[in-house]
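The structure appears below as structure tokens.
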Amino acid sequence: MDREVRAGQTITLRARFQDDLGENVQASNVWLRIFPAEADTDDPSQAILSSGNATYFGDGVFEYSYAVPGIGPDGAWYDQWYGDIPSQQLFAELTFEVGASGVVQSFTNQLYPNNIVEITLNSGIMATDGGYLT
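Below you can see the structure in the form of structure tokens.
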């Protein structure tokens, strides 16, 4: 999964919980905090989301969809995951990149299957049989 998103879009964040043997586990009480770029992740009051409840998808994988504010800021954001497995409380701090600045990208003229193309011809263009096209 790509952990990049433009400001104003929604990013799907995923995390996998494993036990001390590396086995995937369904953790309980899974939740997360999200911090914007340059926030102090040691200060929970700077989180812009706390108590986000993640959805379990099996095989130890949890997912949370977050709508990034349209104003960003851009940079490396942090998602902190918390969860309990038998006899342990797990914590991880992951990152994702938010782009809030304008960008110029290359543009190709490649046509792909199922593209719709409209072509406008000037009057007077002749068909291969010598007749005029309408």
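Residues 185 to 318, numbered by the numbering used here, are exactly what the sequence shown covers, in order. For each residue, glycine too, the CB sits at the ideal point set by N, CA and C. Source: prediction; values computed, not measured.
Backbone CA spacing between residue i and residue j [nearest angstrom]
i: A311; j: V301; result: 19 Å
i: N293; j: N213; result: 49 Å
i: L205; j: W215; result: 23 Å
i: D258; j: D313; result: 59 Å
i: S290; j: A211; result: 43 Å
i: V288; j: Q193; result: 18 Å
Expected contact under 8 Å - CB spacing of residue i and residue j to nearest Å
i: E281; j: R187; result: 7 Å
N-terminal and C-terminal residue of the beta strand (DSSP E) that residue i is part of
i: I195; result: T194 to R200
i: T304; result: Here T304 belongs to no beta strand (DSSP E), and DSSP marks it neither H nor E.
i: I218; result: S212 to F219
i: A260; result: G259 to I269
i: A231; result: Segment: none, A231 is in no beta strand (DSSP E) and carries neither H nor E.
i: G244; result: Unbroken run through G244: none, as it is neither H nor E.
Chain B within 7 Å of residue i, Cβ atoms only
i: T194; result: Looking for chain B here will not work: only one protein chain is present.
Residue burial classification, residue i (beta-carbon count within 10 angstroms, cutoff 16)
i: V189; result: buried
i: D263; result: buried
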